[in-house]
Amino acid sequence: MENFEYLNPTRIVFGKGTIARVAELIPKDTPLLMTYGGGSIKRNGVYDQTIAALEGFEVVEFGGIEPNPRYETLMKAAELGNERNARFLLSVGGGSVLDGTKFIAAAMRFPEGDPWDILTKNAPITDAVPLGGILTLPATGSESNGNAVISRDSTHEKLAFYSEKVYPQFAVLDPETTFTLPPRQTANGVIDSYIHVMEQYMTYPVNAPLQDRQAEGILLTLIEEGPKVMANPNDYDVRANIMWTATQALNGLISCGVPQDWSTHMIGHELTALFGLDHAQTLAVVHPAMLRHQRKQKGQKLLQYAQRVWGITEGSDDERIDAAIEKTEAFFRSLDVKTRLNEYGITDGYQEAAKRIGARGKILGERGDIGPAEIEAILGLCAA
Ligand code: NZQ
Ligand code: ZN
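With the sequence shown counted from 1, adding 803 to any position gets you this note's numbering.
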């Protein structure tokens, strides 16, 4: 196992009716900026529950944060927050609202210059307004990590940052808030969580049996619960299992001491920036192609995955690897998510994604062996 440091300061408050507890999680008499998205919380009662829970607090609202939250919108929120002296940010919604709120938190305290530098120049975040979240979409793990992914319209960029300063202090996870998710978002959440695990697991063995078993446990749970949540969206127990699983997939635990390969995500972000596909839609397209392309480098782990996750024990090494990748792709398709670019009408122009990653000097893969030529080859496999 490699050396590691593990940090997770987020308090998770999980279960039915937990939004009512939000006031006890925020220091008394703190002026709040409450952020939300395009209105789902107003339609499903989460907004009303939150406002009721915040009785006695001074609350300024900022709605309209888009899926794939935009820098342009977030800067307006940061300005409002500073104007109104907000001392705590409360995100109410999915991963986009929460990621956006993390950026707002950093932008409000950014000393000088343009906070966009956080994304393009790795500008350090020395301070951020404290934040917490009420989560309504299990997918990103953003509720319990220090990551955020921000898009900029004017340049068609979608870039990520990480900072210890933007971990949510708390996350309220009430599975009942997820009953109103449309099937597309429910499926997206299952796939995003699945691929978060794969990016931290599907590399090469480093004698980390616990992390491997934890990762496989999350994958197996998603394979079991995914079809159930699609079939029974109002089943509380299934929704609860999905919600807790999604948090566990990207809260830093399974990546302890193991190599990682975020190439599916990095390529996927470019596809969202270029073509507007949902985050998870890009992942379902790129991941099977990436596994096919990297099957040699990932061979040992692919065989382990074939056996432990899919129960594949028959055939040659190559046949078992093929079968595991086919099962993975079939799982995504069983959730009604497409796995090829041409199914989205994209037959050309995707090569641009490879150029953009290359231009940033990024080399992907757990061994740093995925450069622009390899990314283009992977995208070629996605297109077929
Ligand atoms: O905007 P509203 O009206 O709230 O509607 C949202 C949005 O249209 C809707 N929704 C959310 N909760 C709902 C609901 N509709 C009905 N009932 C509910 N309970 O769902 C739509 C999608 O929401 P969004 O927040 O965009 O989805 P998600 O949580 O999948 O977040 C995706 C974003 O997170 C980033 C992605 O790149 C993307 O920008 N990621 C963040 C990560 C992180 N912070 O660690 C890691 C991920 O890999 C990912 O990259
Ligand atoms: Zn993701």
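Virtual Cβ for every residue (Gly too), placed ideally from N, Cα, C.
Entirely within the stretch 808-873 and at least 4 residues each: give me those alpha helix (DSSP H) ranges in chain order. Entirely contained in the stretch 808-873, the alpha helix (DSSP H) runs reaching 4 residues are, in chain order, 825-828, 843-846, 849-856.
May I ask whether a heavy atom of ligand 2 can be found less than 7 Å away from the beta carbon of residue 953? Counting from 1 along the sequence shown, the entry for residue 953 is found at position 150. Answer for residue 953: no, Cβ out of range of ligand 2.
Give the DSSP-derived three-state secondary structure of residue 1170 in the structure shown. Residue numbering aside, residue 1170 sits at position 367 when the sequence shown is read from its first letter. Judged by DSSP in its simplified three-state form, residue 1170 adopts coil rather than helix or strand.
Can you tell me which of the three DSSP states residue 993 falls into? For the purposes of this step, residue 993 is identified with residue 190 of the sequence shown, where counting begins at 1. Three-state result, residue 993: helix.
Whether or not the stretch 993-1010 and the stretch 1048-1067 are in contact is what I'm after, with contact meaning three or more pairs of Cβ atoms, one per stretch, closer than 8 Å; do they touch? Segments in contact, yes.
May I ask which residues mark the beginning and end of the alpha helix (DSSP H) holding residue 1112? For the purposes of this step, residue 1112 is identified with residue 309 of the sequence shown, where counting begins at 1. Element bounds for residue 1112: 1102-1113.
Within 8 Å, do at least three Cβ pairs link the stretch 922-939 to the stretch 974-981? Contact between the stretch 974-981 and the stretch 922-939 is present: three or more C-beta pairs spanning the two stretches fall below 8 Å.
May I have a chain-ordered list of the beta strand (DSSP E) segments no shorter than 3 residues that lie completely inside the stretch 881-916? Restricted to the stretch 881-916, the beta strand (DSSP E) segments that are unbroken, complete and at least 3 residues in length are 891-896, listed in chain order.
Looking at the strands, I want to know which residues DSSP matches up with residue 955. The sequence position of residue 955 within the sequence shown is 152, counting from 1. Among the bridge pairs identified by DSSP, residue 955 is matched with 960.
Where the beta strand (DSSP E) through residue 973 begins and ends: On the sequence shown, position 170 is the one that residue 973 refers to. Here the beta strand (DSSP E) through residue 973 covers 973-976.
Per-residue DSSP class, three states only, for residue 1153: Here residue 1153 refers to the residue found at position 350 of the sequence shown. Correct three-state label for residue 1153: coil.
Cβ-based neighbour list, residue 967, same chain, cut-off 6 Å, excluding 5 preceding and 5 following: Here the question's residue 967 lines up with position 164 in the sequence shown. Exclusion of the five residues before and after residue 967 leaves 949 as the residues of its chain whose Cβ lies within less than 6 Å of its Cβ.
How long is the line joining the alpha carbons of residue 930 and residue 890, rounded to whole angstroms? Your numbering for residue 930 matches position 127 in the sequence shown. Your numbering for residue 890 matches position 87 in the sequence shown. Their Cα atoms are separated by approximately 12 Å.
Alpha carbon to alpha carbon, what distance is there between residue 1124 and residue 1170? As a working mapping, residue 1170 is identified with position 367 in the sequence shown. As a working mapping, residue 1124 is identified with position 321 in the sequence shown. Distance between the alpha carbons of residue 1170 and residue 1124 is about 20 Å.
Endpoints, the beta strand (DSSP E) within which residue 935 is located: Locating residue 935 in the sequence shown gives position 132, counting from the first residue. First-last of the beta strand (DSSP E) with residue 935: 934-938.
Checking 8 Å against the spacing of the C-beta atoms, do residue 863 and residue 887 come in under that value? Stepping through the sequence shown from its first residue, residue 863 is reached at position 60. Stepping through the sequence shown from its first residue, residue 887 is reached at position 84. Between residue 863 and residue 887, the CB-CB gap stays under 8 Å.
Terminal residues of the continuous alpha helix (DSSP H) containing residue 1051? Taking the sequence shown and counting its residues from 1, the one referred to as residue 1051 is at position 248. For residue 1051, the uninterrupted alpha helix (DSSP H) segment begins and ends at 1039-1052.
Neighbour-count burial assignment, residue 1013, 16 or more Cβ in a 10 Å radius: Position 210 of the sequence shown, counted from the first residue, corresponds to residue 1013. With fewer than 16 other beta carbons inside 10 angstroms of its own, residue 1013 counts as exposed.
Contact check, residue 899 vs residue 869 under 8 Å by CB: the rounded distance? One-based indexing of the sequence shown puts residue 899 at position 96. One-based indexing of the sequence shown puts residue 869 at position 66. Rounded to the nearest angstrom, the Cβ distance from residue 899 to residue 869 is 7 Å, consistent with a contact under 8 Å.
Under a three-way DSSP split, which group does residue 965 fall into? Walking along the sequence shown from the start, residue 965 turns up at place 162. Three-state result, residue 965: strand.
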